[in-house]
Amino acid sequence: MAAPLELSCWGGGWGLPSVHSESLVVMAYAKFSGAPLKVNVIDNTWRGSRGDVPILTTEDNVVSQPAKILNFLRKQKYNADYELSAKQGADTLAYIALLEEKLLPAVLHTFWVESDNYFTVTKPWFASQIPFPLSLILPGRMSRGALNRILLTRGQPPLYHLREVEAQIYRDAKECLNLLSNRLGTSQFFFGNTPSTLDAYVFGFLAPLYKVRFPKIQLQEHLKQLSNLCRFCDDILSSYFRISLGDG
Amino acid sequence: MSLVAEAFVSQIAAAEPWPENATLYQQLKGEQILLSDNAASLAVQAFLQMCNLPIKVVCRANAEYMSPSGKVPFIHVGNQVVSELGPIVQFVKAKGHSLSDGLDEVQKAEMKAYMELVNNMLLTAELYLQWCDEATVGEITHARYGSPYPWPLNHILAYQKQWEIKRKMKAIGWGKKTLDQVLEDVDQCCQALSQRLGTQPYFFNKQPTELDALVFGHLYTILTTQLTNDELSEKVKNYSNLLAFCRRIEQHYFEDRGKGRLS
């Protein structure tokens, strides 16, 4: 399409084009579907918004949230699911729901709630990407949002206590990783030889977990034992993101 | 429950066979129960019917508070109390009954994924419609939810629950959705379920599984509950194989067993 598509998202590190799951989902989908995206990494100048990242801007539209962005790209004829059957399309929706319900709480916890990880890795990294004095406020807000989400969706009333929920969410996440590994098997992508929306989502959720160096790494350890999922992430990184990695 | 406690409960569960007097608790059927709770309760009833385990349904106004996790329905079996479909399936499995044993690993993964899809989209949409859509809240939900309690408790409890649900919706990103967007999500979910079901009698061909019970519970309740408008049930009615699926399960597991028509 003629209009330039600009994506603003969080930047990369540890070998990834972006450290933020949702931004990574959109970037991966754009690569898979051939959409020409100009990526604007949020940096510590005051340019651009840091709100509901990732955000896609075209000449007349501003779209936020990965699901809506992907829909928008599909309507612009950048469709990575072209070759999928109806049943595979249905499976995609189901597996995405599985990722959001079972894996996301534990990923959020590993990044934003686990104190060792948050204070030594996540907060400094995000604070370095945001201008002062917003860098003092925004990471804290993101962390509280993550905790809130975990407690409200998984905490059992009337005791909204984190410790009771932690064991459960990590157990669910490990089960989810096992299920994904079983489903992927030895294929290159989830549906045959070309990557699709589901591959973008799985990559977006797994890659940060796989690559970012954390002090508390129980979920990462579990993921590293599932060699086909690690191979899946590495393949996508080397095939689709090599060029942007070269630019640094 | 911690891991150790859960393993302990499983051990105890495995030791005893299913008793005759197992009961399922839900809220009052006629005046109090809401769409989402009714769907959950029906899913559990369907699951137990499919496993051929007898269960008696008891309606209590304070079922929500009796439940160990705060969610209905819950079952009282022997001297254990288990709530929600997921743990109930585990519990029944510990007693030696399972519907999904014949599935291979990939199919089990698919089944779990589709169950999450129903929970993620259908259940959340039902909750949204009941608690965040002003018309439904005013006309139906508030009145029903607080009906067993005297004034002012009925209002207080209803507002408290509404606040809780709205908080949850905001946390998962549904706070800003409009009703049309929610209905579109329901349509997408039904389309996915319809495509997955295809022309088969059940989701995994010949034998029903807990996924069939869950889908039946939600779809049947949506189709048969009177709301302020019919848009939700219209979305489901667009898919004839889903209608046939509900009818088939209703006939096979509820009418034939002499339980009479589900009201």
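Protein chains in written order, with the UniProt record's numbering: chain P, 1 to 248; chain A, 1 to 263.
Every residue, glycine too, gets a C-beta built ideally from N, C-alpha and C.
- Under the three-state reduction of DSSP output, residue 192 of chain P falls in the strand class.
- In this structure, DSSP gives residue 82 of chain A an extended state, which the three-state scheme calls strand.
- In the DSSP assignment, residue 76 of chain A falls within the beta strand (DSSP E) that extends over 74 to 77.
- Here residue 78 of chain P carries a coil assignment [DSSP, helix/strand/coil].
- Here residue 140 of chain P is not near residue 21 of chain P, since their CB atoms are 7 Å or more apart.
- Contact check for residue 99 of chain A against residue 209 of chain A passes: the beta carbons are separated by less than 7 Å.
- Secondary-structure assignment with DSSP links residue 202 of chain A through a beta bridge to A:205.
- Contact annotation: residue 255 of chain A and residue 97 of chain P have beta-carbon atoms that are not nearer than 7 Å.
- Two segments are said to touch when three or more pairs of C-beta atoms, one from each, lie closer than 8 Å; by this definition the stretch 131 to 150 of chain A does not touch the stretch 117 to 124 of chain P.
- Annotated as proximal: residue 183 of chain A and residue 231 of chain A, with beta-carbon spacing under 7 Å.
- For chain P, none of the residues of the stretch 212 to 236 of chain A brings a beta carbon within less than 9 Å of one of its beta carbons.
- Within the UniProt domain "Metaxin glutathione S-transferase" (173 to 236) of chain P, 179, 182 and 183 place their CB atoms closer than 7 Å to a CB of chain A, listed in sequence order.
- Only residues of its own chain outside the window of five on either side were considered, and among them 173, 176 and 205 have a CB closer than 6 Å to the CB of residue 103 of chain P, listed in chain order.
- Boundaries for residue 58 of chain P: no alpha helix (DSSP H) harbours it, and the DSSP string shows neither H nor E there.
- When beta bridges are read from the DSSP output, residue 22 of chain P appears opposite no residue.
- Interface annotation, residue 148 of chain P: in contact with chain A, CB-CB separation under 7 Å.
- Secondary structure at residue 41 of chain P: strand, using DSSP grouped into helix, strand and coil.
- Between residue 24 of chain P and the set P:137, P:4 and P:70, the nearest pair of CA atoms involves P:70.
- Within the stretch 50 to 69 of chain A, the residues whose Cβ lies closer than 7 Å to some Cβ of chain P are 69, listed in chain order.
- Chain-ordered listing is empty here: chain P has no CB closer than 9 Å to the CB of residue 92 of chain A, the nearest sitting near 18 Å.
- Cβ-Cβ separation between residue 207 of chain P and residue 73 of chain P: approximately 20 Å, too far for a contact (criterion under 8 Å).
- Look at residue 25 of chain A here: in three-state DSSP terms it is strand.
- The beta carbon of residue 233 of chain P sits closer than 7 Å to the beta carbons of 203, 206, 207 and 210 from its chain, once the five residues preceding and following it are set aside; these are given in chain order.
- In the structure shown, residue 13 of chain P adopts extended strand secondary structure according to DSSP, grouped into three states.
- Counting only the Cα atoms, residue 71 of chain A lies some 12 Å from residue 161 of chain A.
- Closest option to residue 179 of chain P, judged by alpha-carbon separation, among P:214, P:150, P:222 and P:151: P:222.
- Sequence-ordered contacts of the stretch 150 to 163 of chain A with chain P are nonexistent [C-beta pairs closer than 8 Å].
- Residue 146 of chain A places its beta carbon 7 Å or farther from that of residue 129 of chain A.
- Beta bridge pairing from DSSP links residue 6 of chain P with P:38 and P:57.
- Under a criterion of Cβ atoms nearer than 9 Å, no residue of chain A is adjacent to residue 127 of chain P; the nearest Cβ is some 24 Å distant.
- Under the DSSP assignment, residue 57 of chain A falls in the beta strand (DSSP E) whose first and last residues are 56 to 59.
- Between residue 6 of chain P and residue 38 of chain P the beta-carbon gap is near 5 Å, inside 8 Å, which marks them as a contact.
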